[in-house]
Each structure stands twice: as C-alpha cells, then as structure tokens.
C-alpha cells in the first residue's frame, strides 16, 4: 500500500522482491472487487477516531462542494457553473468532524448542490452504518428538499 501511495501504482515498476507484476495486479483486482480496500479504510478511520478520543463511527458529517475547471477535451461531461463562472465538474464531498473522507460524488458543474444531498447521504450512511445524525453544510446544500432527502 505504501508503494501504491508513493509511486502511483505503475505495475511494471514493482520492487524486485515482489512477485511478477501480473500476479500482483490480479490479486489487487480481486481485493478491490471483494471490497477489501473499503473495509481497510473504514477500519483505519475508526482506529484514528478512537485514538482521538471519539466514537469509532461519526455522528456528524460536513458537506461541501467544489467546482474543478476542465479542459476542452472534457466534452459533454463538463457543465458550466454560472455562480463561479467555470466550466467543469463539481465534486461533492462528505467528511467527518476530523476531516476524514466519507463520501465523494462528482457531477457536471451545472448541477445544483442541493440536488446531490440524497446521494451523499446514502453513501455516508452506508459507510458509517447509519450512525450519522447531523450534517453541517454550506448554503448550497440547504432547503426543504435537501433536508427531506437526507432523512
């Protein structure tokens, strides 16, 4: 894992003491399909929270979004965010109160933030085991419909 984080996982550049890269790649794909990495991240998140004197699973979440400017090659998946005057994608993020990533949802920039609350809430509750009771969000995520979608 440290090699993947540092080197970006160029399979043909595995250290010499590893098995052939094809075998490592196949096993990694099996682990990905089985959800092993998601479970490891969840376990690490819980360990970090407990080490900070918190409960293992968060009870509050912070929602925010950011528009990422795109290039001409992005084509139809990029939208225009009139408020920020950028063409690109909007990344909607949910983190716990320690700043640990819980969920990410990417949309074209022209889609409203409040329309993404339901998807973020679904992902957050799935990851945390339905322990989240409170969400702190900026004004883009407020309103009656997003509040209903988060339930």
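Residue numbers (the working numbering): 4 to 154. Heads up, the beta-carbon is just placed ideally off N, CA and C, and yes, glycines get one too.
> Tell me the DSSP bridge mates of residue 63?
Replying inline: Sequence index remark: in the chain shown, residue 63 carries index 60 (1-based). Per DSSP, 137.
> With a CB to CB cut of under 8 Å and the five nearest residues on each side skipped, what residues in its chain are close to residue 143?
Replying inline: Translated into the one-based positions of the chain shown, residue 143 becomes position 140. Answer for residue 143: 68, 115, 116, 117, listed in chain order.
>> Just to confirm before moving on: does the CB-CB distance between residue 130 and residue 45 stay below 9 Å?
In response: Position 127 of the chain shown, counted from the start, is the residue given in the question as residue 130. Position 42 of the chain shown, counted from the start, is the residue given in the question as residue 45. Taking 9 Å as the Cβ cut-off, residue 130 and residue 45 qualify as a contacting pair.
> Between which two residues does the alpha helix (DSSP H) carrying residue 49 extend?
Replying inline: The sequence position of residue 49 within the chain shown is 46, counting from 1. That run of the alpha helix (DSSP H) goes 39–54.
> What's the call for residue 104, buried or exposed, on a 16-neighbour Cβ count within 10 Å?
Replying inline: To locate residue 104, count along the chain shown from 1; it is residue 101. Exposed.
> Looking at C-alpha atoms only, which residue of 63, 151, 111, 88 is the closest neighbour of residue 136?
Replying inline: In the chain shown, the residue the question calls residue 136 occupies position 133. Among 63, 151, 111, 88, the Cα nearest to that of residue 136 is on 63.
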